[in-house]
Amino acid sequence: MDAIYILGILLVGAMLTYTVGDKWASKVALLFSLVAFGFTVCLGHCLTEERNLIWSWIESPSIHFALKIDGLAVAMLLLTTALIPLIIYSTFGKQVKNAKAFFALILLMAFAMSGTFLAADGILYYIFWELSLIPIYFIALLWGNGDLEERKKAVIKFFIYTFAGSLFMLAAFIYLYSKAGSLLIADLYALDLTGEEQCWIFAAFFLAYAIKIPLIPFHTWQANVYQKAPTVGTMLLSGIMLKMGLYSVIRWQLPIAPDASKEWMPFLLYLGIAGVIYGSIVAIRQKDLKKLLAYSSLAHVGLIAAGVYSLTFDGIQGAVLQMLAHGLVVVGLFFAAEVIHRRFETRKIDEMGGIRQQAPKFTSLFMILVLASVGLPLTFNFVGEFTVLYSLSQIDIIYAVLGGLTIILGAYYMLKMFQNVMLGETNAKPFADITMHEGVLLGIIAGAIFFFGLHAKCITDFITPSIQNILTHIN
Amino acid sequence: MNQTLALILIIAPLIGFLINIFVGKKVNEKLSGSIGTLAILISFIGTIILFLDLNSNHQAMTVKLFDWIGTERFTIAFSFQFDELSVLWLMFVTGIGTLIHMYSISYMHGDENFHKFFAYLNLFIFFMITLVTGSNLLIMFIGWEGVGLCSYLLIGFWHKNQAYNDAAKKAFIMNRIGDLGLLIGIFILGALYSTVDFEGLKTAMEGGEGSYWISIAAICLFIGACGKSAQIPLYTWLPDAMAGPTPVSALIHAATMVTAGIFMITRLHFLFDLAPEVQNIIAIVGGVTSLVAATIGLFQNDIKKVLAYSTVSQLGLMFLALGFGAYEIAVFHVITHAFFKACLFLGSGSVIHAMHGEQDMRRMGGLKNVMKITYITFLISSLAISGIPPFSGFFSKDEILMTAFHNNTALWVIGSLASIMTAFYMFRLLYLTFFNKFRGTDEQKHHLHESPALITFPLIILAILATVGGLIAFPGKSWLNAYLAPLLHDGPQHAHHLGTTEYILMAVAVVGGLIGIVLAYMKFKQKNTVPVEDDQMQGVAKLVYNKYYVDEMYDATIVKPVNVLSKFFRDKIEVLLSSIVFGFASLTGGLGTIGRKLQNGSIGLYLFAFVIGICTILALMFIAK
């Protein structure tokens, strides 16, 4: 049972989904994504030690089709293949125009993102990385909401901005190839670069990743695209795609340019933490629910980035846990926004309110998501947040104090939002409680939040070796 | 056998919560309420069994379930610890919890979310049990945040009223400020000792020396305690929390949750013993809080607000004791306070119930004739809180003041003043509510009645406990000190020898309490004074009635600036950053335009450029040579 099958399933699934036509597209896509998820679980279950699959692809220049399967990659693969069925399922009970293309694009995106997490050759990785941009571009542009011109502007900005950033990464790879004669990850790890070279490589990677993650001040594409994209697109972006950047930092940037990483570490920690504070504060006064969630996402990834760049075992492990937890919760939160939109036809917070009395089930589930988002103990998010903050405190207590402001500010904007959206005098507009589909989806996410909140160990156990491996390359 | 029992007593409230959340709506009120009460009763019975066992053989027990969070240097286990301290706390948490659940069946009758109320109460007890039995700081933290969540849910229980929701949100956020402190404290301890286990920390620290980082950790943990136990500067959420239904105020905001800070410091006494300067801070903060809150209590007209400030004040006294390292005395006052304050809150609930929701004492009066049981229990508890012998509050408060006297005279004066004020405002409350003529509407007067048995029964039990509770630490022959000795033995002993000084101090305290009562009697019983309406208040009274405008100050210095900053970021910085990105795009576009102008099809220009180019290359080659 190898990772290559999972890529195959997703790709074949995308093609089949397109050919079966609009009526069956969603079901076929769901089926394939579930099979891919099943395969990933088996893969994770059987994983005892890291494996490398290498096929020669192009002789000259020497490019390989190489995959690296270790705990870290499988964890990210699991996030992807677990969220994709949920994301597909979230559209059930709702009419989607041109469904076959829509669902095919989702699977194509899943394929590209999975490839990014698995790739162990620079060029292959770059191809997957850029390939993932194409489906989301179309999803956001064609199925998005709001004014078409506005949307076009936001989406094209996103595309060009992230693409431009990635070009620097490509340049870095070309330079690395000239030094190593191969782009296999093992060869790149082994490369002995001078301090100056490392700085340039690090900076080039940084531009690509800082825009993708996004770190402030490179985040300006985010809120608008999240707002304009259809909920499915927002979920794909925030749930999985932004983790590509964070994952790549761990997999590519840090081990290839270790000395530069160490040199820039304090600066990057402050940058990440600044994102936490900035994102949280901007979120407080947002009027659009999806934009508020986008800024909360900015704050959360800031903390994750700080964990990654701390270069400590705890920091990276906590960051990986937090990536998974954030992926789950943010998908749930955007879906909750979608549930409200289906009934009230609005995303403006001041047009909501007074929902709790009418929809107690929805309120409870939404509350759980809010609590997870603010990192209440027993939720998955607490485990990651605690570990990351702990690792920061080990470097200098001031990082933990500043980063820890997320505990206070996060509670402020999330509870404020919850109060304005859900509580107060019963709304004059009727709000039907969640349907079965909606309940199942939110229920699964809530269940996973608590399960991993108690048993995060089943994940840490299998990512530990790969993190230690990467840390030995850094030190 | 005991392990199973311990697990049952932890899980029973959680099961009660789940049953009520999922099927509570479908069953009738009686069943839903009974399930909730039964769940806590099971915990209470389990606790009694463990307690009796522990009292005789002093053998602590640890229940480990699984490993929870792993860091590089240590692993945090999901485990619980049943020792003298945690079981003692469980006794009154589950005991008073059972009574208040019972009370709520009647009090919440007819509420559309009746089952949810019981679900939340059960969940609260579950988290409270987790808080006190957790065997390491992080499990305690689960409970710590969990009770905060339940407090949030219950303060905002009547969620259609946005003012209540504001109060709930404020409580949660203010607590989270403290929680950050607590978390940082945990980080420091983890870094210093590679463990966050209470046992491990105790072994590592006992007999050790203080250090800079130990003091920092202690101060961080104390900030956490300030949040949860409503001490200056994080106390303003507690009075607002009175928005919740009265049983919630009694259970969470008087008897149990707010004592969590005292619990935590007692649990970590070995840490605080190593940081005397932090202990000084604790004593001062406690003393000042007790006085400030007492002064505010003097002028409040809402019956629950008076009790709320009185709670803040009493908690301050407990911290005063903690600051002097007198842990068992603080614990003693926690217990007696739980009895009489729960009784007072439930009594006020009974009054509010009879008055159809009216909470303003200016509209009450003369209730003692109609509500005999409520009146008598309220009187007993008022005497207890005022420190009049032989009621329980006398013993515990007296111990605190004595300790203060032996350590720091200024704080003794502060504590004594706070106590005199307490006696005054409690009897002010009593006379305004129960004596003289009824001042409410005729409609209300017509409906006045004594509350049903489900309400009066808990009142009677609590009044009895408030009367005799002092016996657990009778001066000179304290059961409590002996019981806690295995845990706190390394600390200084605080069993006072009863000498002349002690008797004089006792007399001073009692006379002080009596003076407060007599003053209240003269003003509110004899002269029949009724506090003026809000808009007629002036001078000091107005300042104090408005709580020294501390809320307004926090609003102006923290909340407003953050919101202004948020708007500034949203409207200015975001736009600026965005325009920089677009600026790059325009720059590229601009360069393209210039480039396009060069490609204008004029052969002359091309030839000119060609010749210049050749010349330049040749020149360069020449120079290079």
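Sequence order for the protein chains is A and B.
Be aware that the first sequence starts at 1, since it is given in the numbering used here, and climbs by one per residue.
Be aware that the second sequence starts at 476, since it is given in the numbering used here, and climbs by one per residue.
The beta-carbon is built from N, C-alpha and C at its ideal position, and this holds for glycine as well.
In this text the structure is predicted, and so the values were computed from the model without any measurement.
Asked                                                                                                                : Found
Min CB distance isoleucine 463 of chain A to chain B below 8 Å                                                       : no
Simplified DSSP assignment, three categories, for tryptophan 221 of chain A                                          : coil
Boundaries of the alpha helix (DSSP H) in which alanine 725 of chain B is found, first to last residue               : 721-725
Host beta strand (DSSP E) of aspartate 542 of chain B (start-end)                                                    : 536-545
Buried or exposed (CB count within 10 angstroms, at least 16 for buried), arginine 651 of chain B                    : buried
Contact between the segment 704-713 of chain B and the segment 676-694 of chain B (3+ Cβ pairs under 8 Å)            : no
Proximal residues to leucine 242 of chain A (C-beta, below 8 Å), its chain only, five neighbours per side dropped    : Lys212, Ile213, Pro214, Ser297 and Val301
Boundaries of the alpha helix (DSSP H) in which lysine 290 of chain A is found, first to last residue                : 289-309
Bridge-paired residues (DSSP) for lysine 952 of chain B                                                              : B:Phe949
Neighbour-count burial assignment, leucine 43 of chain A, 16 or more Cβ in a 10 Å radius                             : buried
Three-state secondary structure assigned by DSSP to alanine 693 of chain B                                           : helix
Contacts of alanine 411 of chain A in chain B (Cβ-Cβ under 7 Å)                                                      : Phe647, Ile648 and Arg651
Minimum Cβ-Cβ distance from proline 214 of chain A to chain B less than 8 Å                                          : no
Limits of the beta strand (DSSP E) - the one that histidine 419 of chain B falls within                              : Residue 419 of chain B is absent from the structure shown; chain B starts at 476 and stops at 1100.
Entirely enclosed alpha helix (DSSP H) segments - the segment 1012-1088 of chain B, minimum 4 residues               : 1014-1020, 1025-1029, 1035-1043 and 1049-1073
Burial state of valine 986 of chain B, where buried means 16 or more other Cβ atoms lie within 10 Å                  : exposed
Minimum C-alpha distance to isoleucine 216 of chain A - residue among A:Ala274, A:Val440, A:Ser62 and A:Ser393       : A:Ala274
Closest residue to phenylalanine 593 of chain B among B:Thr605, B:Phe602, B:Ile604 and B:Ser579 (Cα-Cα distance)     : B:Ser579
Chain-ordered neighbours of proline 217 of chain A on chain B, where CB pairs are closer than 7 Å                    : Leu1052
DSSP state of aspartate 2 of chain A mapped onto helix, strand, coil                                                 : coil
Whole-Å CB distance - glycine 824 of chain B paired with alanine 725 of chain B, under 8 Å assumed                   : 7 Å
Proximal chain A residues relative to aspartate 654 of chain B, where beta-carbon distance stays under 7 Å           : Ile407
Proximity test, Cβ basis, 8 Å: glutamate 620 of chain B and chain A                                                  : yes
Option nearest serine 1041 of chain B by Cα separation, candidates A:Ile277, A:Pro61 and A:Glu263                    : A:Ile277
Contacting residues, own chain, Cβ-Cβ under 6 Å from serine 238 of chain A (five flanking each side not counted)     : Ser297 and Val330
Rounded separation between glycine 966 of chain B and leucine 797 of chain B - CA only                               : Here the model assigns glycine 966 of chain B a pLDDT of 47, short of 50, so the residue's position is not dependable and the matter cannot be decided.
Alanine 448 of chain A versus glycine 424 of chain A - alpha carbon distance                                         : 30 Å
Chain-ordered neighbours of aspartate 542 of chain B on chain A, where CB pairs are closer than 8 Å                  : Lys457
Neighbourhood of glycine 384 of chain A by C-beta, 6 Å cutoff - its chain only, sequence neighbours within 5 removed : Gly318, Leu321, Gln322 and Ala325
Presumed contact (8 Å Cβ cut-off) between serine 926 of chain B and alanine 829 of chain B, rounded CB distance      : 7 Å
Neighbour list for lysine 1047 of chain B in chain A, Cβ cutoff strictly below 7 Å                                   : By Cβ distance, chain A contributes nothing, its closest Cβ being about 11 Å from lysine 1047 of chain B, past 7 Å.
Contained beta strand (DSSP E) runs [length at least 3] in the segment 867-897 of chain B, N- to C-terminal order    : none
Secondary structure of glycine 146 of chain A, DSSP reduced to three states                                          : coil
Where the alpha helix (DSSP H) containing arginine 742 of chain B begins and where it ends                           : 735-742
Paired residues, beta bridge with arginine 51 of chain A - DSSP                                                      : A:Ile69
Residues bridged to threonine 550 of chain B [DSSP beta-bridge criterion]                                            : B:Gly545
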